[in-house]
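**Student:** There's a structure below that I have some questions on.
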Ligand code: UD1
């Protein structure tokens, strides 16, 4: 069996690594294609090195562009690749533009498609990721689900039950595998911070950073908080350019740095007093680490992190953000319960499911 996996953007890497690893132990012939959606060394290459991902067999180099152009560039390049290699299965993860582009090309080439992290829904179609999720799930033959809400959403959308496989969370596989190493490096020291005495902030959603007024208000609120607790802010390139474009003055108390490598960021997250974020994946990672998380969005496609985990939605409301922080600092925050199957073995379950699927498909031919 030949499987072609596609990655493109930072959050893809930690999801694919454990699956590729597990597939290797099943003796599967694997090809890895990097679309080049993320291309800065610290948004891409460093993750390959740290996660032990194999060097991509092919790099498409699509880079940054509008949604349509970026999606089209991946599709155009990938069509030839799939025609040449004719894999038995295409494997994609998450909800970025590269994921959706690859899914469309595989489906049109009549190549079976598997989606890691299927079924998540924010029910907010203004998020580009939500559009990507819906499209990819409806084109997929194998849907690997991380939490119970995923199964419910897929069934409600009419997706056949026998395509849905609850396997747990591959990102948590990577986290468990690398946490000790991340903590040994004590990455907070380089920022002159002490464990549990700082907050970690990430911000990159278009809804938060593309509107200068919204961005200004958010940074003012966070600036006030940083007078009470140091806030370390690794700035995503998109956010950095929005800040530069809008001419905003950043509060001097926010401690800025560039995007961090996987191990450093994991260590910083694990020893933060609290995390403020608009990322999807970080909501899950903080639940896995049992670190309080305030999500700077009004919705989440990962409800299990709120229902069972350490995550709460505070949106962009200064009062709610402030109150959330005070509750955490007062120790008034529930401990996270671990969602079912977030046990570090999702990659193995996916590999076993794919093997079973391959033998069923060849038997029915
Ligand atoms: C993408 C994903 C988002 C994910 C995020 C993680 C989509 C629709 N969005 O958003 O779901 O949470 O990645 O980072 O796919 N840039 C660089 N260097 C890079 C990559 C990007 O400078 O290596 C800059 C470019 O100016 C680019 C901007 O960041 O235009 C945005 O990059 P893009 O990949 O379009 O979207 P993200 O905001 O990173």
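Residue numbers (the numbering used here): 1 to 365.
Yeah, the Cβ is synthetic: ideal placement off N, Cα and C, and Gly gets one too.
Since we're looking at a predicted model, the values are computed, not measured.
Going by DSSP in three states, residue 59 sits in which element: helix, strand or coil?
**Tutor:** Position 59 of the chain shown, counted from the first residue, corresponds to residue 59. Strand.
**Student:** With residue 212 and residue 246 assumed to form a contact (beta carbons below 8 angstroms), what rounded beta-carbon distance in angstroms separates them?
**Tutor:** Taking the chain shown and counting its residues from 1, the one referred to as residue 212 is at position 212. Taking the chain shown and counting its residues from 1, the one referred to as residue 246 is at position 246. With 8 angstroms as the limit, residue 212 and residue 246 qualify as a contact, their Cβ atoms being about 4 angstroms apart.
**Student:** Let me know the secondary structure DSSP gives residue 161 once reduced to three states.
**Tutor:** Your numbering for residue 161 matches position 161 in the chain shown. In the structure shown, residue 161 sits in a helix (DSSP, three-state: H, G or I).
**Student:** Classify residue 192 as buried or exposed, calling it buried when 16 or more other Cβ atoms lie within 10 Å of its own Cβ.
**Tutor:** By 1-based counting over the chain shown, the position of residue 192 is 192. Exposed, since its Cβ has fewer than 16 Cβ neighbours within 10 Å.
**Student:** Among the candidates 12, 146, 139, whose CA atom is the shortest distance from the CA of residue 345?
**Tutor:** Numbered from 1 along the chain shown, position 345 holds the residue referred to as residue 345. Per the Cα distances, 146.
**Student:** Kindly list the residues whose CB is nearer than 7 angstroms to the CB of residue 380, restricted to its own chain and excluding five residues on each side of it in sequence; keep chain order.
**Tutor:** In this structure the chain extends from 1 to 365, so residue 380 is not present and cannot be described.
**Student:** Can you tell which of 121, 260, 254 has the C-alpha that lies nearest to the C-alpha of residue 154?
**Tutor:** For the purposes of this step, residue 154 is taken as the residue at position 154 of the chain shown. For the residues 121, 260, 254, the minimum Cα distance to residue 154 belongs to 121.
**Student:** Need the endpoints of the alpha helix (DSSP H) that residue 133 sits in, please.
**Tutor:** Counting from one through the chain shown, the residue named residue 133 turns up at place 133. Per DSSP, residue 133 belongs to the alpha helix (DSSP H) from 128–139.
**Student:** At what residues does the beta strand (DSSP E) containing residue 231 begin and finish?
**Tutor:** Along the chain shown, one-based indexing puts residue 231 at 231. Note, residue 231: beta strand (DSSP E), 231–234.
**Student:** Suppose contacts are defined by Cβ-Cβ distances below 8 angstroms. Is residue 107 in contact with residue 139 by that definition?
**Tutor:** Position 107 of the chain shown, counted from the first residue, corresponds to residue 107. Position 139 of the chain shown, counted from the first residue, corresponds to residue 139. The answer is yes: Cβ separation under 8 angstroms.
**Student:** Say yes only if the C-beta of residue 359 is nearer than 7 angstroms to one or more non-hydrogen atoms of the ligand UD1, and no if none qualify.
**Tutor:** Locating residue 359 in the chain shown gives position 359, counting from the first residue. Outside the cutoff, so no.
**Student:** Need the endpoints of the beta strand (DSSP E) that residue 6 sits in, please.
**Tutor:** Taking the chain shown and counting its residues from 1, one reaches residue 6 at position 6. First-last of the beta strand (DSSP E) with residue 6: 2–7.
**Student:** By the three-class DSSP mapping on this structure, what secondary structure does residue 110 have?
**Tutor:** Here residue 110 refers to the residue found at position 110 of the chain shown. In the structure shown, residue 110 sits in coil (DSSP, three-state: anything other than H, G, I, E or B).
**Student:** Mapping the DSSP letters down to three states, classify residue 202 as helix, strand or coil.
**Tutor:** Sequence index remark: in the chain shown, residue 202 carries index 202 (1-based). Strand, per DSSP.
**Student:** Tell me, which residues are paired with residue 255 by DSSP?
**Tutor:** Here residue 255 refers to the residue found at position 255 when the chain shown is read from its first residue. The partner list for residue 255 (beta bridge, DSSP) reads 232.
**Student:** Alpha helix (DSSP H) containing residue 329: first to last residue?
**Tutor:** As a working mapping, residue 329 is identified with position 329 in the chain shown. 318–329 is the span of the alpha helix (DSSP H), which, as asked, contains residue 329.
**Student:** Smallest Cα separation from residue 55: which of 65, 20, 204, 87?
**Tutor:** If you number the chain shown from 1, residue 55 lands on position 55. Among 65, 20, 204, 87, the Cα nearest to that of residue 55 belongs to 20.
**Student:** Out of curiosity, what's the CA-to-CA distance linking residue 292 and residue 227?
**Tutor:** Here residue 292 is taken as the residue at index 292 of the chain shown, counted from 1. Here residue 227 is taken as the residue at index 227 of the chain shown, counted from 1. Linking residue 292 to residue 227 through their CA atoms gives a straight-line distance of about 19 angstroms.
**Student:** Assuming the contact rule is C-beta atoms closer than 8 angstroms, residue 178 and residue 266 should be a hit. Round their C-beta distance to whole Å, please.
**Tutor:** Taking the first residue of the chain shown as 1, we reach residue 178 at position 178. Taking the first residue of the chain shown as 1, we reach residue 266 at position 266. Yes, they are in contact, since the Cβ atoms of residue 178 and residue 266 sit about 6 angstroms apart, within 8 angstroms.
**Student:** Straight-line CA distance for residue 354 to residue 305?
**Tutor:** Numbered from 1 along the chain shown, position 354 holds the residue referred to as residue 354. Numbered from 1 along the chain shown, position 305 holds the residue referred to as residue 305. Taken atom to atom, the span from the alpha-carbon of residue 354 to that of residue 305 is near 27 angstroms.
**Student:** Could you give the residue range of the alpha helix (DSSP H) that holds residue 146?
**Tutor:** If you number the chain shown from 1, residue 146 lands on position 146. No alpha helix (DSSP H) contains residue 146, which DSSP labels as neither H nor E.
**Student:** Contact check, residue 369 vs residue 166 under 8 angstroms by CB: the rounded distance?
**Tutor:** Residue 369 falls outside the range modelled here, since the chain spans only 1 to 365, and no answer is possible.
**Student:** What does DSSP give as the partner residues of residue 293 in its beta bridges?
**Tutor:** Translated into the one-based positions of the chain shown, residue 293 becomes position 293. Its beta-bridge partners are 275, 311.
**Student:** Pick helix, strand or coil for residue 93, following the three-state DSSP scheme.
**Tutor:** As a position in the chain shown, residue 93 is number 93, starting the count at 1. It is a strand residue.
**Student:** So, for residue 51: in the same chain, excluding its five sequence neighbours on each side, which residues have a beta-carbon less than 7 angstroms away from its beta-carbon?
**Tutor:** For this step, residue 51 is matched to residue 51 along the chain shown. So the qualifying residues of the chain are 13, 14, 17, 174, 262.
**Student:** Between residue 290 and residue 27, what straight-line distance do the alpha-carbon atoms span, to the nearest angstrom?
**Tutor:** Taking the chain shown and counting its residues from 1, one reaches residue 290 at position 290. Taking the chain shown and counting its residues from 1, one reaches residue 27 at position 27. Using only the alpha carbons, I get a separation of about 35 angstroms.
**Student:** Rounding to the nearest angstrom, what Cα-Cα distance links residue 75 and residue 335 in this structure?
**Tutor:** Locating residue 75 in the chain shown gives position 75, counting from the first residue. Locating residue 335 in the chain shown gives position 335, counting from the first residue. In a straight line, the C-alpha of residue 75 is about 43 angstroms away from that of residue 335.
**Student:** So the candidates are 97, 130, 90; which of them puts its Cα closest to the Cα of residue 113?
**Tutor:** The residue labelled residue 113 in the question sits at position 113 within the chain shown. Measuring from the Cα of residue 113, the nearest candidate turns out to be 90.
**Student:** Would you identify the three-state DSSP class for residue 26, choosing helix, strand or coil?
**Tutor:** The residue you call residue 26 lines up with position 26 of the chain shown. Reduced to three states, the DSSP call for residue 26 is coil.
**Student:** What do you get for residue 158, buried or exposed, if any count of 16 or more other CB atoms within 10 angstroms of its CB means buried?
**Tutor:** Numbered from 1 along the chain shown, position 158 holds the residue referred to as residue 158. That one is exposed.
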